[in-house]
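Positions in the sequence shown are counted from 1; adding 6 to them yields the numbering used here.
See below for the structure under consideration.
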Amino acid sequence: MRQSLLAFLAMAIFSLLALSQQRVMMRHHSIVYGRDTELAAMNMVSDRLAHLQTLAYDEVDELVGGINQRTSPDGLTSLAAFGLDDDEKEIGIGAASDIDDYHGYSAVETYTYNRTVYRFKWAVDVKYIDPDDLQLRESSAPTLAKLVTLTLEEDLPEGYEDEVELGRLPIFVEFSKIFSPGGMTLH
């Protein structure tokens with residue numbers, strides 16, 4: 007009887023240790039996956055901003071062969087006209103020809119990082135700002151500086167209902183960059 011009790015106690019202690027070890031390993035896996043997701047998110051933001059940098063500053067600049075060496079905001083697209091043009095809407099975001107075409111765009115896309123596929127919701131906001139204003143306040147008139155804000159949020163992996171099941175908050179990244187004519191980024 008005594009040996010049976012000791013054997014049962016030893017098995018119970020071993021089970022508790024194994025369960026504790028499994029819990030530590032799962033938490034470690036969650037932290038590592040979260041860090042990789044953060045790196046994937048930052049790489050995706052960097053890729054998207056690099057793509058925007060290849061576009062013309064404004065629609066009217068394309069008429070000059072894409073050379074953006076303007077010195078005046080005269081003739082720039084009005085704030086109300088930001089977003090895809092009517093002829094570009096039929097084709098989709100792939101038809102974007104200048105930075106402000108991305109204004110209001112949002113999508114859920116996959117991104118591969120370290121051979122792992124992640125899903126992110128991303129959105130773009132574009133606005134004119136006064137380049138001399140250190141507060142980066144929105145300008146009501148066209149200027150030679152556009153502030154592009156890219157917001158990216160992790161779409162929960164398949165099989166997870168909410169962040170409680172995930173064991174952490176979903177990754178959220180918001181990054182802003184100032185673009186000016188000539189493809190130069192100011193900030």
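Just so you know, even glycine gets a beta-carbon here, dropped at the ideal spot from N, CA and C.
Fair warning: this is a prediction, and the values are worked out from it, not measured in the lab.
CB residue 58 to CB residue 105, shorter than 8 Å? Stepping through the sequence shown from its first residue, residue 58 is reached at position 52. Stepping through the sequence shown from its first residue, residue 105 is reached at position 99. Against a cut-off of 8 Å, the Cβ pair of residue 105 and residue 58 comes out as a contact.
Which listed residue (44, 175 and 10) has its alpha carbon closest to that of residue 118: The sequence position of residue 118 within the sequence shown is 112, counting from 1. It is 44 whose Cα lies nearest to the Cα of residue 118.
Which same chain residues end up closer than 7 Å to residue 14 when comparing Cβ atoms and leaving out the 5 residues on each side of it in sequence? Counted from its first residue, the sequence shown places residue 14 at position 8. So no residue of the chain qualifies.
Which class does residue 185 belong to by DSSP, given the choice of helix, strand or coil? In the sequence shown, the residue the question calls residue 185 occupies position 179. In the structure shown, residue 185 sits in a strand (DSSP, three-state: E or B).
Would DSSP call residue 118 helix, strand or coil? Translated into the one-based positions of the sequence shown, residue 118 becomes position 112. If DSSP states are grouped into helix, strand and coil, residue 118 belongs with the strands.
Take residue 133 and list the residues in its own chain whose beta-carbon comes closer than 6 Å to its own, dropping the five residues that flank it on each side. Sequence index remark: in the sequence shown, residue 133 carries index 127 (1-based). Closer than 6 Å at Cβ, skipping near neighbours: 144 and 153.
Using three-state DSSP, classify residue 112 as helix, strand or coil. The residue you call residue 112 lines up with position 106 of the sequence shown. Note: residue 112 maps to strand in three-state DSSP.
Identify whether residue 8 lies in helix, strand or coil by the three-state DSSP scheme. Stepping through the sequence shown from its first residue, residue 8 is reached at position 2. Shown here, residue 8 sits in a helix according to DSSP, grouped into three states.
According to DSSP, residue 96 sits in a beta bridge with which residue or residues? Here residue 96 refers to the residue found at position 90 of the sequence shown. None; residue 96 has no bridge partner.
Reference residue 138, options 131, 129, 130 and 149, closest by Cα: To locate residue 138, count along the sequence shown from 1; it is residue 132. Looking at the Cα atoms, 149 is the closest of the given residues.
Name, in chain order, the residues that DSSP records as bridge partners for residue 86. For the purposes of this step, residue 86 is identified with residue 80 of the sequence shown, where counting begins at 1. Answer is none; residue 86 lacks a bridge partner.
Pull up the distance between the alpha-carbon of residue 187 and that of residue 82, whole angstroms please. By one-based count along the sequence shown, residue 187 stands at place 181. By one-based count along the sequence shown, residue 82 stands at place 76. One C-alpha to the other measures close to 11 Å.
Within the continuous beta strand (DSSP E) that includes residue 157, where are the two ends? To locate residue 157, count along the sequence shown from 1; it is residue 151. Counting along the chain, the beta strand (DSSP E) containing residue 157 begins and ends at 152–160.
List the whole-angstrom C-beta distance separating residue 6 from residue 90, where the pair is believed to meet the contact cut-off of C-beta under 8 Å. Because the chain here runs from 7 to 193, residue 6 falls outside it and cannot be looked at.
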